[in-house]
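Read through the structure below, which is laid out as structure tokens, and then see the notes.
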Amino acid sequence: MARGASSPTGTTNADASPPPDAVQGSVGETLRRARQYRRWSLREVERRTGRPNAYLSQIERGVIRQPDPAVIWELAQLYELDFTLLAQWLGLTEADNAEATADVTKKLISLVLNLTTDQKLRAVDLLEQLGRHERT
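Be aware that the sequence shown starts at 1340, since it is given in my numbering, and climbs by one per residue.
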């Protein structure tokens, strides 16, 4: 984590950034600690999220290098963690604008999770078009 950067719980840390290959471990470790803080087993998290406990365990241990962003979102919500920072650590968002767009990202993900499969596919197409348009 960068000097003075926020932790997923919103506190600051004066330590230097972890090495790149430790970042996934940081996400998994953060999720594991948040679960343990609540004194929940992996089976309890499975019950609350509907995600298999084996999958959750693999995320926590860093076995799954690129977990599904929707799962990270669900876990961040469940554990009351900063999704934008977790996404940044996983390389899903730019560090420059992560803090400025945190509320927009959270709202966007909330909206997408409530779409039908067809609507999600259309939304992805629209977002890709927007991204291409911005680069040209």
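Each residue gets a CB set at the ideal place from its N, CA and C atoms; glycine is no exception.
Coarse secondary structure for residue i, derived from DSSP in three states
i, result
"arginine 1378", "coil"
"asparagine 1392", "helix"
"alanine 1355", "Confidence is the limiting factor: at alanine 1355 the pLDDT is only 39, short of 50, which leaves the residue's position unreliable and the question unanswerable from this model."
"glutamine 1405", "coil"
"glycine 1367", "helix"
"aspartate 1457", "helix"
Per-residue burial, residue i [other beta carbons within 10 Å of its own, 16 or more giving buried]
i, result
"glutamine 1405", "exposed"
"glutamate 1467", "exposed"
"glutamine 1458", "exposed"
"tyrosine 1418", "buried"
"glutamine 1427", "buried"
"aspartate 1464", "exposed"
Span separating the alpha-carbon of residue i from that of residue j
i, j, result
"alanine 1462", "threonine 1432", "18 Å"
"arginine 1382", "asparagine 1392", "6 Å"
Validate contact between the stretch 1412 to 1427 and the stretch 1379 to 1390 using beta carbons, cut 8 Å, 3 pairs
yes
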